[in-house]
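Oh and the first sequence: position 147 is 392 in my numbering, straight run, nothing missing.
No residue lacks a Cβ here, since even glycine has one placed at the ideal position from N, Cα and C.
What follows is one structure encoded as structure tokens, with my remarks underneath.
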Amino acid sequence: MLDIKLLRESPAEIATNLAARHVRIFDDLGSDEAGDGWAQATVERLVGLDHAYLELLREQEDVRRQQNETSAAMKKVGKLPKAEQQAARAPLVEAGRRLRDREHELAELAQAALTARDEAWGRVPNLTHPEVPRSHDQHRELHRWGTPRDFAAEGFTAEQGPRDHLTIAESLDLVDFASGAKVAGQKFYYLKNEAVLLDLALQHFALGVARKHGFTLHTTPDLAREEILQGLGFNPRGESTQVYSVENSDLCLVGTAEITLGGMLADTILEIDRLPLLVAGLSHCFRTEAGSAGQESRGLYRVHQFTKVELFAFTAAEGDESAAMHQRMLAIEEEIFQALGLPYVVLDIASGDLGGPAYRKFDIEAWMPGRGDFGEVTSTSNCLDYQARRLKIRYRPDGDGKKKAKPKYVHMLNGTAVATSRALVAILENYQQADGSVLVPEVLRPWVGCDRIGPR
RNA sequence: GGAGGAGUGGCCGAGCGGUCGAAGGCAACGGACUUGAAAUCCGUCGUGCCCUCACGGGUACCGUGGGUUCGAAUCCCACCUCCUCCGCCA
């Protein structure tokens, strides 16, 4: 959530940003309309909601002040002669009752107004880094690494070119989607044989890299309270939610350890010498994939459950600290995919595709020969203080001599070290051999225990 | 799962229904003393929101949410969390 003061002080900036992000806040004011008038109208409605709340708040505080005055007067009554107390007390009690009733009334109205405002304000996305391409989905390519293999030159024939990961995995008996569907449903799966070892090897490898870079390793809960999800900018409720909720509880299955790592420090004020604070988390990730039926539905690319090693950083809000950390996290992700020997492209994600909390987002897309295109394998976002505000994660900046400095919200960043399912797709497809076998990337061999899977 | 106990400021810890945003201690910060440091002494020292250019004023917060009362950190109810004991169990 953004600072509400931004709405009061620079509403135009909010409107411009809404337009760039194509984010609809109110059902009847959407980005599908011509021009940016809808964004302007959205901001005006937000301002109206804020005013309504402030007015009630002022009135409520005024009544409370009167209540306090009545109480103070009541205290003095005790010092009067006994005979006079009764008479002095009666009107105060009467006034107090009236004020209490009025206060209850106003409290309810103010609370409702605040809820209405925040419900809408909470959906307003973060501001957008100036260099982010302003577009629905035309991302900027930052750079490339590696060269896709020339399969034809290696003896893959025209009719039998490189196969996709599902074909490979099935021929080598590495996955079982049929049983997954029977037991848990479409898009659930079992990994089998070397795929299990490969999956664990990726985790082990990524954790090692994270640790080397100073991240404290964690395994995290795979569930989290709704409140935490909301703090991180996720919407567990709503028709197109990506989040599984547990019935009769306020728990959700996490879609990423970003949630559990970010939520870990909710409601704390950190001493500045603890920053930057780097944590990495291994968790399962659950996604409903609502609305994505049919999209890349084959195989492991888009599934309901996978395992991920996540990087997370809390930095001070000074200067370009978080921007520098963002580059650092991207560099770690690149290090991992270079070590795995997977060609990739790095994208600066366009404004229309950023998601609510991100100020800027870099994706790595690895080359996937099976589809003849790049596919997303990591994503790192700098969310500035957008998440910290609702989670109340602050730090105390260095004071300038006399006084302790006011706490400030930290900046929060997240990034994928490795999502094993997507990495498996890339590995199987890039390391396939003409004889049907798959080479194991060298860095993973110590854990897989062999240098080649198959042929079978 | 059953029975008890507890949740107060960065930490520890007091707190009779009105004089409590809350004693005291530690830590931190500023100053004095010192060649420097330690020790000692003096002082400062929670957070949010609203109003104000500012000085400042108002209001709220003692795990969370309700309730009783003219008035709640203090009484009542529910929930959350932690601790102890019993039971069960990877």
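In the three-state reduction of the DSSP assignment, T461 falls in the strand class, which pools E and B. When M657, A611, R701 and R690 are compared, the shortest CA-CA separation from G391 is found for A611. A distance below 8 Å separates the beta carbons of L523 and T461. Taking all protein chains shown into account, F479 has 16 or more neighbouring C-beta atoms within 10 Å of its C-beta and is therefore buried. Residues F559, A633, I638 and Y640 of the same chain have their beta carbon placed closer than 6 Å to that of V655, with the five preceding and five following residues left out of the count. If you look at T486, you'll find it isn't in any alpha helix (DSSP H); DSSP assigns it neither H nor E. By the CB criterion at 8 Å, D382 and A535 fall outside the cutoff.
For K327, no beta strand (DSSP E) run applies; the uninterrupted alpha helix (DSSP H) run containing it begins and ends at K327 to W366, by DSSP. The three-state secondary structure of K320, taken from DSSP, is helix.
Spanning the alpha carbons of P481 and V488 requires a straight line of approximately 5 Å.
Taking 8 Å as the upper bound for CB-CB distance, A525 and A355 are not in contact here, some 42 Å apart. Note on geometry: alpha-carbon atoms of L520 and A361 lie some 35 Å from one another. Proximity to E687 across F582, G681 and A664 peaks at F582, based on C-alpha coordinates. The criterion of a C-beta distance shorter than 8 Å is not satisfied by G275 and D409. Assignment of D307 by DSSP, reduced to helix, strand and coil, places it in the helix class. Here P700 is exposed. Its C-beta has fewer than 16 other C-beta atoms within 10 Å. According to the DSSP secondary-structure assignment, E386 is paired through a beta bridge with L592. Following the DSSP letters along the chain, one finds L636 inside the alpha helix (DSSP H) bounded by residues Y631 to L636.
Under a 10 Å Cβ-count criterion, L545 is classified as buried, with 16 or more other Cβ atoms of the shown protein chains found around its own Cβ.
Cβ contact annotation for V683 (same chain, cutoff 8 Å, sequence separation greater than five): I413, L417, I672, L673, Y676, Q677, R697, I698 and G699, in chain order.
DSSP places M509 outside any alpha helix (DSSP H), giving it a letter other than H or E. Listed in chain order, the non-local C-beta contacts of E399 below 8 Å within the same chain comprise A679, local neighbours out to five positions each way being set aside.
For H410, the uninterrupted alpha helix (DSSP H) run begins and ends at H410 to S416, by DSSP. Apart from the 5 residues on each side of it in sequence, S485 sits with its Cβ closer than 6 Å to the Cβ of A535 and G536 in its chain, given in chain order. C497 places its beta carbon 8 Å or farther from that of L452. For the pair M657 and C628, the CB atoms are nearer than the 8 Å cut-off.
Distance from the CA of A650 to the CA of E566, rounded to the nearest whole angstrom, comes to 19 Å. Assignment of beta-bridge partners to W692 by DSSP yields no partner. In the DSSP annotation of this structure, the continuous segment of the alpha helix (DSSP H) that includes F422 starts and ends at F422 to V428. A469 carries a strand assignment under DSSP once its states are collapsed to helix, strand and coil.
Between L351 and L291, the C-beta gap is not smaller than 8 Å, which leaves the two residues out of contact. When the Cα atoms are used, G367 and V308 turn out to be separated by approximately 29 Å. Of the other Cβ atoms in all chains shown, 16 or more fall within 10 Å of the Cβ of G660; this residue is therefore buried. Rounded to the nearest angstrom, the gap between the Cα atoms of T533 and K437 is 23 Å. Annotated as distal: G430 and L477, with beta-carbon spacing of 8 Å or more.
It is roughly 16 Å from the alpha-carbon of Q312 to the alpha-carbon of L301.
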